[in-house]
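Chains as they are written, first to last, in this note's numbering: chain A, 87 to 264; chain B, 145 to 339. Following: one structure in structure tokens, then a few remarks.
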């Protein structure tokens, strides 16, 4: 197998492996850049549960839900807190210390907003972003090789890429200087 | 013929946005590190500045922006114009390179400038999220924002054209099928585990 065939195979495999992730990041990039283009509906449900009474530490109670514990409020007799998952689902919990009666308001976000949460990479999604970024850089490097292998498009492609790299690099360096 | 056209679109979209996509890749790789990193502690400096009479707070803010060469913080956001507890004009300029908080000490005829500079990772992070929806008073940032918007759409075009090329000519490749299935399963698994 020639180098061209190996790198073409790598380009294809990497692209297909990261396809869904790249699509998620690409669509969410449009959503984040143009939030006014889209609606962001939310849905809430309320449940009541009975937990063991007498718990005064929100961290103990919060272990019932997966996510980040935020916003603890300690009122007389009532413990309130919020747990937010990596994909933006919020559980707002109000727990009666005396009786253990617990009200849980769960708010789920729209699919597009979920993609935006994936994009900003909370929790394990930060590592997924790193993996997909490695894939993106691999796609760039192998893509350059594959393009260069095509003699017909070397000159025009090279000119376009050189112009783009020079201009954007100049902008990045210039703005870094203030 | 159509496939050749799609391949050209895919190739040129990549060549025209190579550095932008490289910035996306570098930023994504550094996300776990960025969260743990700290910017350098703020540096406080003073500079003589006599506020001209009969200027509004916004006009003063714009003059100071120009004096301190903070073109990346223009146009001056309304939220940047504040007053501190002593009713001194307080300007909170955020920009790609960090933050400059300026207290206008009118009676003393000077400015107190607290500068916090973003490290290179945070700088690139800011650049990667700057698109055409952002309107900058600095022509360089506006040009970057517009081109970055173009790069974002090119990425989507490359995803679509790449998938089309796969379906048209490599759909039977076992490696391709396994890669696609693995990626889809990984995404679905992460999604259902974390939602």
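In this text, a Cβ means the ideal position worked out from N, Cα and C, and glycines have one as well. Nothing here was measured: the structure is a model prediction, and the numbers come from that model.
If you draw a 10 Å sphere on the C-beta of residue 90 of chain A, you find fewer than 16 other C-beta atoms in it, and that means exposed.
Under the 8 Å criterion on CB atoms, residue 176 of chain B is classed as interfacial with respect to chain A.
Counted as a single uninterrupted DSSP element, the stretch harbouring residue 221 of chain B is not any alpha helix (DSSP H), since DSSP gives it neither H nor E.
Looking at the DSSP output, residue 181 of chain A sits in a beta bridge with A:165, A:188. Leaving aside the five residues that flank residue 206 of chain B on each side, the residues in its chain whose CB is nearer than 8 Å to its CB run, in chain order, 218, 220.
Where residue 248 of chain B is concerned, the enclosing beta strand (DSSP E) starts and stops at 242–249. Look at residue 259 of chain B: its C-beta is not under 8 Å from any C-beta on chain A. For residue 139 of chain A and residue 171 of chain A, the gap between their C-alpha atoms comes out near 25 Å.
CA-to-CA, the gap between residue 159 of chain B and residue 210 of chain A works out to about 32 Å. Remark: C-beta atoms of residue 259 of chain B and residue 242 of chain B approach each other more closely than 8 Å. Looking at the backbone, the Cα of residue 175 of chain A and that of residue 195 of chain A are separated by about 7 Å. Counting the other CB atoms within 10 Å of its CB gives residue 181 of chain A a total of 16 or more, which places it among the buried residues.
DSSP places residue 150 of chain B in the uninterrupted alpha helix (DSSP H) bounded by 146–160. Residue 104 of chain A is positioned such that its CB atom lies closer than 8 Å to that of residue 327 of chain B. Residue contact with chain A for residue 238 of chain B: absent (no Cβ-Cβ distance below 8 Å to any residue of chain A). When C-beta distances to chain A are compared with 8 Å, the residues of the stretch 300–312 of chain B below that value are 300, 303, 306, 307, 310, in chain order.
At a cut-off of 8 Å between C-beta atoms, residue 252 of chain B does not count as an interface residue with respect to chain A.
Pairing residue 109 of chain A with residue 165 of chain B gives a Cβ-Cβ distance that is not under 8 Å.
With a contact defined as Cβ atoms closer than 8 Å, residue 204 of chain B and residue 150 of chain B miss out at about 55 Å.
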